[in-house]
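Visitor:
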Amino acid sequence: SHQRIDEDGNTISWIDENLNPYTGDWIARTRLKNWSEGSWSAGKGGVERGKDYNHSSFCDLVISGLIGLCAEESDTLVIDPLLPNDTWDYFCLDYIPYRGKSLTLLYDRTGMKYGKGKGFRVFVNGILRSEADQLQKLTIEL
2 SHQRIDEDGN TISWIDENLN PYTGDWIART RLKNWSEGSW SAGKGGVERG
52 KDYNHSSFCD LVISGLIGLC AEESDTLVID PLLPNDTWDY FCLDYIPYRG
102 KSLTLLYDRT GMKYGKGKGF RVFVNGILRS EADQLQKLTI EL
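Quick note, the sequence shown lines up with residues 2 to 143 if you use my numbering.
#1: Does the Cβ-Cβ distance between Gly118 and Ala133 come in under 7 Å?
#2: Which term fits Pro22, buried or exposed, when burial requires 16 or more other beta carbons within 10 angstroms of its beta carbon?
#3: Identify whether Arg122 lies in helix, strand or coil by the three-state DSSP scheme.
#4: Assuming contact is defined by CB atoms lying nearer than 7 Å, are Tyr99 and Lys114 in contact in what I supplied?
#5: Per DSSP, Asp109 is paired with what?
#6: Taking the alpha helix (DSSP H) that Ile28 falls in, what are its first and last residues?
#7: According to DSSP, what are the bridge partners of Thr12?
#8: Counting only the same chain and skipping the five closest in sequence on each side, list residues whose C-beta sits under 8 Å from that of Asp76.
#9: When DSSP labels each residue in this structure, what does Lys45 get in the three-state scheme?
#10: Can you tell me whether Ile68 is helix, strand or coil according to DSSP?
#11: For Thr31, count neighbouring C-beta atoms within 10 Å of its own C-beta (all shown protein chains included) and say buried if the count is 16 or more, exposed if not.
#12: With H, G and I counted as helix, E and B as strand and the rest as coil, what does DSSP make of Ser58?
#13: Enumerate in chain order the residues of its own chain whose CB-to-CB distance from Leu67 is below 6 Å, with the five nearest sequence positions on each side excluded.
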């Protein structure tokens, strides 16, 4: 969903965002605003470009909110989904880098979508570390 078509008609991956850690503004929009002598360049989309863009903050709402993966300072991994049971049939967050490890969070209501079993499963470096029949809070020592 985060793609654009370049001048040659090629579809490329594209995330037009980067947050300035000191000011909180979106750097891409600041650059666009100043592109052509201090004004919004119509050739680059003008003032409307990116104002309603689905920034990474949306992904964070899904990952940390609905799915419940929140970073911790300790080696304890807590996943506490807000997604109600019987809402989605499946989801998979794969290859999530976390504290030097690779996580997979997988939910498959029937066990048929991914072939890894029925229910909620958490893999660390490809090894099943925790599972539950339904979405619920899971705690894992890394």
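All residues carry an ideal CB built from backbone N, CA and C; glycine is no exception.
Guide: Considering the structure as presented:
#1: no
#2: exposed
#3: strand
#4: Going by C-beta atoms, Tyr99 is not nearer than 7 Å to Lys114.
#5: Bridge partners of Asp109: Tyr91, Gly120.
#6: 28-34
#7: BP columns for Thr12 point to Ile6.
#8: Apart from sequence neighbours up to five positions away, the residues of its chain that approach Asp76 with a beta-carbon distance below 8 Å are Arg100, Glu142, Leu143, ordered along the chain.
#9: In the displayed model, Lys45 falls within a helix according to three-state DSSP.
#10: coil
#11: exposed
#12: helix
#13: Leu83, Leu84
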